[in-house]
Structures are given as C-alpha cells and as structure tokens.
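Notes follow once the structure below has been shown.
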DNA sequence: TTGTAAGCGTTATCAA
DNA sequence: TTGATAACGCTTACAA
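Residue numbers (UniProt numbering), protein chains in the order written: chain A, 1 to 347; chain B, 1 to 347.
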C-alpha cells in the first residue's frame, strides 16, 4: 500500500492505492468518485469499500490541474467588518456551497487601487470566477472590468455595461425613504454620507433618488444639510452628523446613505440632546441586524441581500458550467427587490 | 507560442512558453519565479521580460500538486453574520495575507455536527491547515481534534490539551465585569446567555468568572436572574431578557455573556421603560463596533481580537513552515490580553 | 463496462 | 549557474 508521507506527517492514499486494493484500474476509481453512470454496481461497491478502508480523500490540486478549474470562486468586498458585507458574504458562501463551490473572500478596503489589483491579481488563477463588489472604481475604470474570466458585479449598470451584474434598487429605495419622510411631514432633511461624484456609486444613486423625490414634492434641499463621509462607517457617520449640526442649519430628519452611517448619526443626535424621532426622524439603508435592535430601531431599506447573493452565485455558476465566453456582448442585469421597513426612528 | 485556450476562453501562457521565449529551460523560469538565489542577473532579466511580454501567471494547481501544499488555510467560524466573527475573520485574512497565505472561510453555524464535519471534511485537502473556533463541541469530542494536519484552536484549553490554541481571558474578563458592576454598587445582577453545561465554552467560563467574583464579594446570585440563550444573537438576547423580566425577580444590572446578547437585552429594557444605566446597568463582552455606538454605549471587555487573529496565524504558519508533526505532545497555549472598557451603559 | 496511456504545469533530482 | 527528466495524482481520449 504505497502511501505517502508529506512533510507535515500527513498520510494519504491515492487513487492508485484504492485501485490496487479494489483490484480495478485508476480510471474506474475515478468513475466511481465522480458518479459516472456506467459502473457495474458490484465494481462500485468494491471501490467504495476500498475507499473507506484506506480513508481515501481526493487530491484537489491534482484534479484541478487536470480539469483546468479549481471549484473555487472569489468574492471581493470592501471589508468584512462592515455588517452589510459580512451578512452578504455569509449568504454568498452558503449559496456557493449549495452548488458545490468554495468561496475565497478578498478584502479591498474599498480602495480603488486595491480593487483594480483584485481584478488582475495572480490570485484569479486560483479561482474559476469572481463576484465583485467595487466601491472605489470610477467610470474611467470600466474597461478594466472586461476581464477574460467569468465575473459578476454587484453594483450599477453604468459602470460596466457589458458585464453581468446584480444591482440593488438604490435610487428607488432612497426615493421610498424620501417619500416616507415627506409623508411624515419632514421637509428639512439632512443627508449623511457623500460619495465620489465621479462614479455611479450606491451613494450617488441613493442621493439622486432621494433628491428626485424631494424635487417632485417641490421641496428644496439645502446643500448645507449634507454631511461628508467618504468611507461609510459608524465613526464617519457620527463625524458627518456633527459637521451638519455645527453648521447650524436646522433639520427635522436625517437620511443616512446606509445603516451604519445612520446609526453613527443617531448616536451624535443623542449626545446633542436631540430626540429621535420627535425632534429628528432618522432613516438608513441596508437593513443590517443592528438597526433592528438600535434604540430607537432604525427605519431602513431592505435591499434584498439574500436574493442578491443567490442571484450572483447563480449567474456566475451558470457561466462556469456553460462555458460561455467571459465578456459577452451585453451583460445581463438583475435588480433585486427592495422593501421599506418603517420602524421607530421615523415615528 | 503554444498558448492554450481553456473552456471559458481564458488564454494563458505556461512556463514552457516563457522558457522558449527567453531561450532558457523551464527550470530556470521556475527559479526566477521563486526567487532562487543562483540565477545570473542577465538570465533573470530575460526571463522577466518574457514573463511580462506573455503576461504569464503561475498555475497554482500545478504548483500545489508538485509541492504538496496549497498556500491556503481554512478558518472555521460559527457565522460571519455575528459581528465578533466578522471582525475576527477580517483580522485573520489580513494577518494571513501578510504571510502569503490565502484564507478560506467556513461557516459551521456553531452546530456540533457541522463542526465535527469541518474537521474531517474533504475540504481539508484543499488547505494546508485550519484555524478553528468551535462552540458546539463537547469535552467528549476532544479526541476528534487530534487531526493529522496542522490546526490551531481558538478557545479553551480544557477541550483540547494536546493541540495548540489561542484563548481569550474569558474568566478573568468576566470577573472584571463583575467587579466593576459591584464597585458601582450593583448587587442583583442578571446574566443573559446560558451555555451548554457539557463544555468549557466561552459561556461557561465567563459565567464562572462572573460568579466567582460575586462569591468573593459575598454576593449571592439568584438563578432566577439567568436568562437562557443558547445561540448568541440580539434576538436571543432580547428573548432571554424578557424571560428574566417576566419572572418578576428584581435586578439592577445585566451582564450579557457577549455584546450582541447585551444589545438585545438593552433593547428590551428600553421597551419595558427601564432606564440604562439609572435603573439597570448593562455590560457585555467582545467589544464589537455596534457597542461603541449603541445608545447608551456599551461597557464591555475587549478580548484582544486582533492579537488572537495574529497569534493564531503565526502559530499555524510556524508549523506549516517548520514541518513539525501535527499533533505534538503538548499543545501550546496563548492567552490574549483583555481590557475592560467602561462606557455609558454602566454609568 | 473497464483499462491503457497521454497529458495537465509545476517542482525536484541529478548531471553537466 | 543551467538543463533534462522524472515525479505529483488526477482526468480523459481511445481501446478493448
């Protein structure tokens, strides 16, 4: 039994060992392991017995080399510490596992350079495809997305017309928030979390949807009510809220471009003695778990995270299986359904 | 130039192509790529030029097969949706990247069966080692941890005396919380989040540290002030808090066995009209970001997450590099330093 | 239905 | 300092 000892003392049987023990050829073992149809059941049983006896496990490096694939897909997100991306990764890993794929999570920090790097990195040779959630890229970078491997983007069409992508209803969701706040009688709404103007980012789309709704209602938005926060976190949301407060412009509502921003802002409002929602209504976007348990609980937009994860994996796996050319003529777009969740923070 | 087209239309040069173009042997290309010392710099330059011209990228499956390693380590955690584990994974991925390793995150759901599965899964053949944070395993499962590949556990010694592990100061941290609450004059402290009695889980250790401190102070703990929550989340924390409230036992403080439990509990206190910290002081454990921005901000124990991640990766990589036998005679134990962070929720 | 044998693209051994 | 050449363990035509 020609077992082999690797440098860490790991003992492992190969298909040859199994074949020898079962008295068949390597090809037959391979057939059994891969559930190929035409294997006599007596043979199969003998092989399975040998596998069990030797504790044989597939050597994936060998399989991958031979097949030219790896069975892994990469998921590139800004940061796992951001709850939205943690919850998204959770969902993607689960969806991929269902289809037999393993996920490799990459963190870009949301920094353009590192996002570009992810696209061209040698690591891409370790995975069969990529699910990519860029937030630092700009329209000028669109061409860099036309890679020669299967890719699915999480984000907006504008950035990449020829690449499959799964979008969330950023503009419509934000519009729904605005309409909700207006319906509650709020007219002086601050916006927390700005964005890089150069891109059709989630930030710009949400802002646009929000402003459009205000326009249509004949309500003017005072730019002094916008708080800057390039990176989106509780900390930056708090800072942006302070910025607006310190300008002395009045406001009766706050729209955080996402939930962590809104939570950071809410924290500052509390420190400054403002009551939510009595003095100021607050709403966010993303429906992260913290928002449900915040005090007060946070009104937000549930962007269809689970659906996004599932759809992205489906689109990617389809292409992997289909052998479809990587950069097709027109990228398919799927937009997830959103839902406005009204909670305490907006009364 | 003997390029090859894979089924997804991906074009890739091999070392052979590079060798041919540079007029050297494959071995020389390999030497250059791997920074082997004895390569004439003229040769090296020619090879690098060829690499650049062809856009050559390493085929990792081939390298892995040949080397018998994969350059990947697995990290098994309960759920990425739990902020503590999301932040931990972030740190592990970063620490591993610094040392040239890629991380594969596995989710166990904290379920014993899936944790056992992770240990024996064929997936282990895809990674060189495992960093494992079990929460469902019991002492009876200790033997299952004696695997034949390098492993580092995040957790307590009791479960696995012969395996390297990185522990947090669960008991001491909880003791610090208790002492803090006692110093604030609280005597009737509820505990939220119970644990499987059969294991030296974080839950049991934290509880023990907490109770010891009470004992030493001559304060008796009424079991009616314990709220059950096997899975630790905001939702279960809220439910456990309701359970205690509904029993009608009075209390002037709450210790959530971790932060999400405490946040869930705090939410319920608010709903029931109890003021934090005036009526009830609340403390947690883990120092997740939400706690800093909660209202009121949450007193907690910072368990040394970054240090834990770094140490775990270091221990594992050392063993991978050192070719040390997998299950040594005595597992090393490293305990991270903790810090009590006093914030608003305890006045 | 099963076997033979030629790859897959590296690394490692041993000469030169 | 470099080059042949044989592994590494699996898949896959092609035969039988």
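Even glycine gets a Cβ: it sits at the ideal position worked out from N, Cα and C.
Along chain A, in chain order, which residues have C-beta atoms closer than 8 Å to that of residue i?
i                      : result
residue 102 of chain B : 104, 123, 126
List the residues of chain A whose Cβ lies closer than 9 Å to the Cβ of residue i, in chain order.
i                      : result
residue 165 of chain B : In chain order: nothing, as chain A lies at least about 18 Å away.
residue 93 of chain B  : 80, 105, 106, 107
Would you mind working out which of the options sits nearest residue i, comparing C-alpha positions?
i                      : options                    : result
residue 332 of chain B : B:89, B:208, B:155         : B:155
residue 303 of chain A : A:76, A:94, A:335          : A:335
residue 96 of chain B  : B:21, B:127, B:184, B:108  : B:127
residue 22 of chain B  : B:49, B:31, B:130, B:132   : B:49
residue 295 of chain A : A:286, A:275, A:178, A:312 : A:275
residue 78 of chain B  : B:38, B:112, B:129, B:246  : B:112
residue 67 of chain A  : B:62, B:69, B:200          : B:62
residue 232 of chain A : A:240, A:45, A:226         : A:240
residue 201 of chain B : B:163, B:171, B:182, B:65  : B:171
residue 103 of chain B : A:206, A:52, A:260, A:74   : A:74
residue 243 of chain A : A:76, A:226, A:257, A:258  : A:226
residue 143 of chain A : A:204, A:267, A:162        : A:162
residue 191 of chain B : B:141, B:248, B:28, B:224  : B:224
residue 70 of chain A  : A:344, A:284, A:125        : A:125
So what does DSSP say about residue i, is it helix, strand or coil?
i                      : result
residue 326 of chain B : No answer about residue 326 of chain B holds up, because its pLDDT of 45 lies below 50 and its placement is not dependable.
residue 152 of chain A : strand
residue 106 of chain B : strand
residue 357 of chain A : Residue 357 of chain A falls outside the range modelled here, since chain A spans only 1 to 347, and no answer is possible.
residue 70 of chain B  : coil
residue 309 of chain A : helix
residue 255 of chain A : strand
residue 162 of chain A : coil
residue 272 of chain B : coil
residue 14 of chain B  : coil
residue 348 of chain A : Any property of residue 348 of chain A remains undetermined from this structure, which presents chain A solely from 1 to 347.
residue 87 of chain B  : helix
residue 302 of chain A : strand
residue 145 of chain B : helix
residue 76 of chain A  : strand
residue 249 of chain A : coil
residue 384 of chain A : Absent from the structure is residue 384 of chain A, since the part of chain A shown begins at 1 and ends at 347.
residue 82 of chain B  : coil
Just the chain B side, please: which residues come within less than 8 Å of residue i by C-beta, in chain order?
i                     : result
residue 15 of chain A : Correct list: empty, because the minimum Cβ distance to chain B is about 13 Å.
residue 87 of chain A : 80, 81
Residues of chain A with a CB under 7 Å from the CB of residue i: which are they?
i                      : result
residue 290 of chain B : 290
residue 98 of chain B  : Under the 7 Å cutoff, chain A gives no residues; its nearest Cβ is about 13 Å from residue 98 of chain B.
Would residue i count as contacting chain B if we go by Cβ distances under 8 Å?
i                      : result
residue 83 of chain A  : yes
residue 287 of chain A : no
residue 6 of chain A   : Unreliable placement is indicated for residue 6 of chain A, whose pLDDT of 43 sits below 50; the coordinate value is still reported in the next sentence. Yes, its Cβ sits closer than 8 Å to a Cβ of chain B.
residue 43 of chain A  : no
residue 70 of chain A  : yes
residue 258 of chain A : no
residue 31 of chain A  : no
residue 270 of chain A : yes
residue 331 of chain A : no
residue 337 of chain A : no
residue 234 of chain A : yes
residue 298 of chain A : no
residue 314 of chain A : no
residue 213 of chain A : no
residue 231 of chain A : no
Using a cut-off of 7 Å between C-beta atoms, extract the partners of residue i located in chain B.
i                      : result
residue 264 of chain A : 293
residue 65 of chain A  : 61, 62, 65
Any beta carbon from chain A within less than 8 Å of residue i's own beta carbon?
i                      : result
residue 267 of chain B : yes
residue 61 of chain B  : yes
residue 90 of chain B  : yes
residue 58 of chain B  : yes
residue 50 of chain B  : no
Is the segment 84-94 of chain B touching the segment 38-58 of chain B in the sense that three or more CB pairs, one from each, lie closer than 8 Å?
no
Is there contact here, the segment 183-191 of chain A with the segment 251-263 of chain A, by at least three beta-carbon pairs under 8 Å?
yes
Taking contact to mean 3 or more Cβ pairs, one atom from each stretch, closer than 8 Å, check whether the segment 174-182 of chain A and the segment 200-219 of chain A are in contact.
yes
The segment 264-274 of chain A touching the segment 215-227 of chain B, judged by at least three CB pairs closer than 8 Å:
By the criterion of at least three beta-carbon pairs nearer than 8 Å, the segment 264-274 of chain A is not in contact with the segment 215-227 of chain B.
Should the segment 255-271 of chain A be regarded as contacting the segment 286-294 of chain A, the criterion being three or more beta carbon pairs within less than 8 Å?
With a cut-off of 8 Å, the segment 286-294 of chain A and the segment 255-271 of chain A count as touching, because enough Cβ pairs lie within range.
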